[in-house]
Amino acid sequence: MAAFESPEFYVPHRPPILLIESVSNITNNLVVCTTRTGQDSPLAPFSDKNGRIPASFLMEIMAQTVAVWAGQERKVREFQSSIEEESGIGLLLSVRALKFFVKELQPDLSLKVEMHKQMQDGNVASFEGVVKNGDFVLSSGKITAFSPSISQLQEVFEKKHG
């Protein structure tokens, strides 16, 4: 299996906001990332005194995994010199059918996030995936994200301030 860069290579997030630790796989239709809970984990700043974390953080972990895929797509376009004034910004458009199968995350879990691309139309893409601890699914859901170009961002801000 190919070695992948650290998540910071693909996304603008940095600790303590960066919740994923490593990238395991990126293809045209799949992205897999891992992270963990516990005292020295990326999620530690958000845990309670017993080391537990609300399950709602799983949604952000899924979204950051999709952001890794988008970052890889952007890197490929940069390499091919076909990049069109990209902003490097990703916006979460929707989260659907999100299910949590636990109320909270316990300390010392190893989390694997698998997000499968369902469709892509220009700079909008939809993914469906799961977060697992071993074979146990902790969360599942669908995420749609949008990567606006610089001109699209300028248009939005000009209308707001114009």
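Using the numbering used here, the first residue of the sequence shown is number 13, and each one after it goes up by one. Every residue gets a Cβ at the ideal spot worked out from N, C-alpha and C, and that includes glycine. Bear in mind the structure is a predicted one, so any value in this text is a computation, not a measurement.
Top-ranked residue by Cα proximity to residue i, from the options
{"i": "Leu150", "options": "Pro24, Val35, Trp81 and Ile65", "result": "Ile65"}
{"i": "Pro28", "options": "Gln166, Pro57, Ser68 and Phe69", "result": "Pro57"}
{"i": "Met74", "options": "Phe16, Ser163, Val125 and Ala14", "result": "Val125"}
{"i": "Gln76", "options": "Gln130, Leu123, Leu31 and Glu167", "result": "Leu31"}
{"i": "Gly141", "options": "Leu121, Glu33 and Val44", "result": "Val44"}
{"i": "Leu103", "options": "Asn135, Phe112 and Val114", "result": "Asn135"}
{"i": "Ser59", "options": "Leu121, Ala109, Trp81 and Gln130", "result": "Leu121"}
{"i": "Lys61", "options": "Pro119, Gly83, Phe16 and Ser18", "result": "Pro119"}
{"i": "Phe113", "options": "Phe148, Lys171 and Ile162", "result": "Phe148"}
{"i": "Pro19", "options": "Gly83, Leu70, Thr39 and Asn40", "result": "Gly83"}
{"i": "Met110", "options": "Ile155, Ile101 and Ser138", "result": "Rather than Met, the amino acid found at residue 110 in this sequence is Leu. It is Ile155."}
{"i": "Ala137", "options": "Lys115, Phe169 and Val78", "result": "Val78"}
{"i": "Gly153", "options": "Val35, Phe69 and Ser36", "result": "Phe69"}
Residue i versus residue j: straight-line alpha-carbon distance, rounded
{"i": "Glu72", "j": "Arg48", "result": "14 Å"}
{"i": "Ala67", "j": "Phe21", "result": "26 Å"}
{"i": "Pro54", "j": "Glu33", "result": "7 Å"}
{"i": "His128", "j": "Leu42", "result": "5 Å"}
{"i": "Ser106", "j": "Ala15", "result": "31 Å"}
{"i": "Lys144", "j": "Lys171", "result": "42 Å"}
{"i": "Gln166", "j": "Phe158", "result": "15 Å"}
{"i": "Val88", "j": "Thr39", "result": "11 Å"}
Helix, strand or coil at residue i [DSSP, three-state]
{"i": "Gly141", "result": "strand"}
{"i": "Leu105", "result": "strand"}
{"i": "Ser163", "result": "helix"}
{"i": "Gln84", "result": "helix"}
{"i": "Lys61", "result": "coil"}
{"i": "Glu17", "result": "coil"}
{"i": "Ala157", "result": "strand"}
{"i": "Arg48", "result": "strand"}
{"i": "Phe112", "result": "strand"}
{"i": "Leu150", "result": "strand"}
Beta carbon of residue i nearer than 9 Å to that of residue j
{"i": "Gln164", "j": "Ser99", "result": "yes"}
{"i": "Thr46", "j": "Leu117", "result": "no"}
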